[in-house]
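Here is the structure we will look at, set down as structure tokens.
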Amino acid sequence: MFTIYSKPDCPFCEKFKQVCELENLTHVVYELDKQFNRSQFYDEFGEGSTFPQVVLDIKGYRLRLGGCQESLKYMQEQKLCCQV
Numbered sequence: 001m002f003t004i005y006s007k008p009d010c011p012f013c014e015k016f017k018q019v020c021e022l023e024n025l026t027h028v029v030y031e032l033d034k035q036f037n038r039s040q041f042y043d044e045f046g047e048g049s050t051f052p053q054v055v056l057d058i059k060g061y062r063l064r065l066g067g068c069q070e071s072l073k074y075m076q077e078q079k080l081c082c083q084v
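By this note's numbering, the letter at position 79 of the sequence shown is numbered 79, and the numbering carries on one by one without gaps.
Spelled out as structure tokens, the structure:
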């Protein structure tokens with residue numbers, strides 16, 4: 001399952017969410033100022049991290065994929081999607 005840390009009006013966030021929906025991939029979206037604040041975001045991902053941040057949860061392990069481009073690259077390499 002993909003966990004997407006998103007913020008409103010973010011085109012890269014929307015792109016990644018759309019790919020997940022088009023490919024029918026299980027995902028959950030956490031929105032800035034709804035489920036977390038900016039301080040919590042930086043504590044988790046580091047100062048200067050951009051939106052979205054994507055984490056892949058596999059059998060109890062959390063693999064941080066990074067931002068939109070890094071996450072899409074990972075998905076293509078793993079043959080999880082073909083939409084970019």
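Where a beta carbon is used, it is the ideal one built from N, C-alpha and C, also for glycine. Values in this document were obtained by computation on a predicted structure and should not be read as measured data.
According to DSSP, Leu22 sits in a beta bridge with which residue or residues?
Your numbering for residue 22 matches position 22 in the sequence shown. Within the DSSP secondary-structure output, Leu22 pairs in no beta bridge.
With a cut-off of 8 Å on the beta carbons, I'd call Phe36 and Tyr42 a contact; round off their distance for me.
What you label residue 36 is simply residue 36 of the sequence shown in a count that begins at 1. What you label residue 42 is simply residue 42 of the sequence shown in a count that begins at 1. At roughly 10 Å, the Cβ-Cβ gap does not stay under 8 Å, so Phe36 and Tyr42 are not in contact.
Quickly, what does DSSP pair Phe45 with across the bridge? List them, please.
One-based indexing of the sequence shown puts residue 45 at position 45. BP columns for Phe45 are empty, so no partner.
Three-state secondary structure (DSSP) at Gln76?
As a working mapping, residue 76 is identified with position 76 in the sequence shown. Gln76: helix per DSSP, three-state reduction.
Look up Phe36 in the DSSP assignment and give the residues it is bridged to.
Residue mapping note: residue 36 aligns to position 36 of the sequence shown, counting from 1. DSSP output for Phe36 lists Leu32 as bridge partner(s).
Once the 5 residues before and after Cys20 are set aside, which same chain residues still bring their CB inside 7 Å of it?
Along the sequence shown, one-based indexing puts residue 20 at 20. Excluding positions up to five away in sequence, the list reads Phe2, His27.
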